[in-house]
Amino acid sequence: MPDAGTNRRTAKLGRAAGDKMASKKEISDNKKGFDAKIVRGKGRVPIIKIRCKRNVIGRGRPTALHLDLGEGFQNPRLRTRDQRLNDITAELGRGDPRIVVSEDGGPLRLIINGRHVKPTGRYPCFKGPVSLPYEADHEMALFEHSDVDKAVVSCLSQPHRVVIPVAWQNKPLMYFPDLRRDLADGTVEIIETKRDDDRRLQEPHYRYKLDAVREVYRSEGMKFRILGRSEIMKSQLYKNAHEFGAWAFAKVSPARKFVVEAAIADAGGTLPYAKAAELAGGTAILHALVIRRSIYFDLTMPPEDDLPVMLVDHDALRRSSPPLL
Numbered sequence: 000m001p002d003a004g005t006n007r008r009t010a011k012l013g014r015a016a017g018d019k020m021a022s023k024k025e026i027s028d029n030k031k032g033f034d035a036k037i038v039r040g041k042g043r044v045p046i047i048k049i050r051c052k053r054n055v056i057g058r059g060r061p062t063a064l065h066l067d068l069g070e071g072f073q074n075p076r077l078r079t080r081d082q083r084l085n086d087i088t089a090e091l092g093r094g095d096p097r098i099v100v101s102e103d104g105g106p107l108r109l110i111i112n113g114r115h116v117k118p119t120g121r122y123p124c125f126k127g128p129v130s131l132p133y134e135a136d137h138e139m140a141l142f143e144h145s146d147v148d149k150a151v152v153s154c155l156s157q158p159h160r161v162v163i164p165v166a167w168q169n170k171p172l173m174y175f176p177d178l179r180r181d182l183a184d185g186t187v188e189i190i191e192t193k194r195d196d197d198r199r200l201q202e203p204h205y206r207y208k209l210d211a212v213r214e215v216y217r218s219e220g221m222k223f224r225i226l227g228r229s230e231i232m233k234s235q236l237y238k239n240a241h242e243f244g245a246w247a248f249a250k251v252s253p254a255r256k257f258v259v260e261a262a263i264a265d266a267g268g269t270l271p272y273a274k275a276a277e278l279a280g281g282t283a284i285l286h287a288l289v290i291r292r293s294i295y296f297d298l299t300m301p302p303e304d305d306l307p308v309m310l311v312d313h314d315a316l317r318r319s320s321p322p323l324l
């Protein structure tokens with residue numbers, strides 16, 4: 000890869016050639032080891048051919064660079080979003096962007112490091128390998144959603160880092176997603192959570208970065224979504240998830256689990272909520288069975304005595320498992 004100094008020398012030489020197009024047809028910089036020659040491309044568009052006489056850029060053979068002067072030396076930051084996104088898509092084909100994961104299988108970015116002045120914490124997620132760090136209440140709320148969702152098999156916060164090299168700056172684009180969720184049908188979801196008034200969503204550069212990582216995930220067969228705080232927290236689904244999460248680690252004996260599952264099967268596939276809670280030994284055990292993906296009921300409704308409770312059909316989930324959120 001060319002270093003920063005080589006890029007600057009090349010650009011400077013190209014500008015010099017462009018300034019003297021009318022009077023000089025060749026420019027030579029013997030000190031730096033470059034030759035620049037102006038030729039006519041298709042449609043008589045001027046093109047500068049820059050050839051490195053010495054191995055300044057790379058090893059092996061001299062390197063030739065071609066600069067199109069048809070549109071001038073335009074600042075890459077001023078290019079349209081679609082043009083820059085096309086560049087990212089082309090780089091994906093060369094395998095330049097990469098996803099870096101943690102060596103221990105846990106969160107790659109540890110949020111709690113003693114330097115933040117915002118609320119942070121760790122949530123004991125039942126479906127996570129360890130307690131998961133969070134830096135916003137809506138992030139913790141999404142963990143609670145994932146625990147009660149029968150479609151979600153496992154989840155992990157700050158799961159990896161996406162590194163995308165770009166041509167217009169030396170430093171690559173870096174992105175840390177908030178959550179990875181693995182669903183029962185093999186789907187991998189990458190979710191970014193935002194406050195409803197997050198001003199970064201109005202910044203073109205940040206929106207472009209989100210579009211770029213979306214392309215990276217698409218090439219890897221992953222789904223990428225952005226959820227706002229109101230979508231996560233302002234619903235009956237969240238109220239149930241928050242309440243049920245308090246009993247995630249309640250002790251459930253195999254006998255209790257068998258009794259509830261057998262009663263539902265004997266009743267034709269459904270059992271009233273009140274009856275199921277009685278057989279389980281209380282609503283806490285019933286809610287713990289929901290988190291363990293043993294039973295389920297409509298979590299978008301308040302728990303009532305006549306609410307139907309059903310067994311989780313794992314075969315159907317392996318075919319298709321759309322998440323609740």
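Residue numbering for the sequence shown follows numbering that gives the first Met the number 0, starting at 0 and increasing by one per position. The beta-carbon is built from N, C-alpha and C at its ideal position, and this holds for glycine as well.
Inter-residue spacing [alpha-carbon to alpha-carbon] between A150 and R317: 9 Å
Anyone know if the C-beta pair for I163 and E191 falls short of 8 Å? no
Where does S234 sit, in a helix, a strand or coil, going by DSSP? coil
Checking the sheet assignment: what are the DSSP bridge partners for K193? G227
Extent of the continuous beta strand (DSSP E) run through T269: 269–271
Which of the three DSSP states is assigned to R121 in this structure? strand
Output the distance between the C-alpha atoms of Q235 and V187, rounded to the nearest integer angstrom. 25 Å
Exposed unless 16 or more other CB atoms sit within 10 angstroms - verdict on G127: buried
Exposure of S319, with buried meaning 16 or more beta-carbon neighbours within 10 Å: exposed
Does at least one heavy atom of the ligand FAD sit under 7 Å from the Cβ of D312? This structure lacks the ligand FAD, and indeed carries no ligand of any kind.
Select from R180, G280, M139, E219 the residue whose C-alpha is nearest the C-alpha of F257. G280
Going along the chain, which residues of its own chain have a beta-carbon closer than 8 Å to the beta-carbon of P307, five neighbours each way excluded? T269, L270, P271, Y272, F296, D297
Are the segment 158–177 and the segment 204–213 touching, with three or more C-beta to C-beta distances below 8 Å? yes
Assign D305 to buried or exposed, taking buried as 16 or more other Cβ atoms, counted over all protein chains shown, within 10 Å of its Cβ. exposed
Give a yes or no on contact between the segment 192–199 and the segment 226–233, applying the rule of three or more CB pairs nearer than 8 Å. yes
If we ignore side chains and look at the alpha-carbon of each, how far apart do D314 and P321 end up? 14 Å
Whole-Å CB distance - A247 paired with A287, under 8 Å assumed: 7 Å
In the structure shown, what three-state DSSP assignment does K274 receive? helix
Using a 10 Å radius around the Cβ and a threshold of 16 neighbouring Cβ atoms, would you call H137 buried or exposed? buried
Using the C-alpha atoms, what's the distance from S130 back to D312? 28 Å
If S153 sits next to D181, beta carbons under 8 Å apart, how far is it from one beta carbon to the other, in whole angstroms? 5 Å
Which same chain residues, not among the five before or five after I98, have their C-beta less than 6 Å away from its C-beta? H159, V161
Proximal residues to S221 (C-beta, below 6 Å), its chain only, five neighbours per side dropped: Correcting the residue identity first, residue 221 is Met in this sequence and not Ser. Once the five neighbours on either side are set aside, the close Cβ partners of M221 are V187, I189.
Would you give the residue range spanned by the beta strand (DSSP E) that V289 belongs to? Taken as a continuous stretch (DSSP letters only), V289 belongs to no beta strand (DSSP E), being part of the alpha helix (DSSP H) at 282–290.
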